[in-house]
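Engineer:
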Amino acid sequence: MADLKKLQVYGPELPRPYADTVKGSRYKNMKELRVQFSGRPIRAFYAFDPIRRAIVLCAGDKSNDKRFYEKLVRIAEDEFTAHLNTLESK
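Start counting the sequence shown at 2; every next residue gets the next number (the numbering used here).
(1) Can you round the beta-carbon distance between Y19 and K32 to whole angstroms, since I take them to be within the 8 Å contact cut?
(2) One question on the structure: do G25 and V57 come within less than 7 Å of each other, judged by their Cβ atoms?
(3) Run the CB neighbour count on A45, radius 10 Å, all protein chains shown included, and call it buried at 16 or more, exposed below.
(4) Would you give the residue range spanned by the alpha helix (DSSP H) that Y47 belongs to?
(5) Spell out the partners DSSP gives G33 in its beta bridges.
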């Protein structure tokens, strides 16, 4: 939860090692929150929507998963697309 608080305070300016840009996403503003929990690397994917809200899209433990980014980037993109479509329909 402390890492989400950092995201709230710093917004898009949250620096490494707390956050990083996700490579391979069709959304250039896709980021990952980099968290260690009980020694395990947890990554929470997020992006800022057009009204500048951070939308946390999905998260997971990347330990021992060579396809972690491939799988979770796809999930995060689908979630963000759905969120953007919801905004457009309002």
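C-beta atoms are modelled at their ideal positions from N, C-alpha and C, and glycine is treated no differently. The structure displayed is predicted, hence computed values, not measured ones.
Structural biologist: Concretely, from the data shown:
(1) As a first step, residue 19 is located in the sequence shown; it is residue number 18 there, counting from the start. As a first step, residue 32 is located in the sequence shown; it is residue number 31 there, counting from the start. In fact, because the Cβ distance is near 10 Å, the residues do not count as touching under 8 Å.
(2) Here residue 25 refers to the residue found at position 24 when the sequence shown is read from its first residue. Here residue 57 refers to the residue found at position 56 when the sequence shown is read from its first residue. Against a cut-off of 7 Å, the Cβ pair of V57 and G25 comes out as no contact.
(3) Residue numbering aside, residue 45 sits at position 44 when the sequence shown is read from its first letter. The residue is buried, with at least 16 neighbouring Cβ atoms inside 10 Å.
(4) Mapped onto the sequence shown, residue 47 falls at position 46. Per DSSP, Y47 belongs to no alpha helix (DSSP H); it is in the beta strand (DSSP E), R41 to F49.
(5) Position 32 of the sequence shown, counted from the first residue, corresponds to residue 33. Sequence check: residue 33 is Glu here, not Gly. In the DSSP output, where bridge partners are listed per residue, E33 has D21 and F46.
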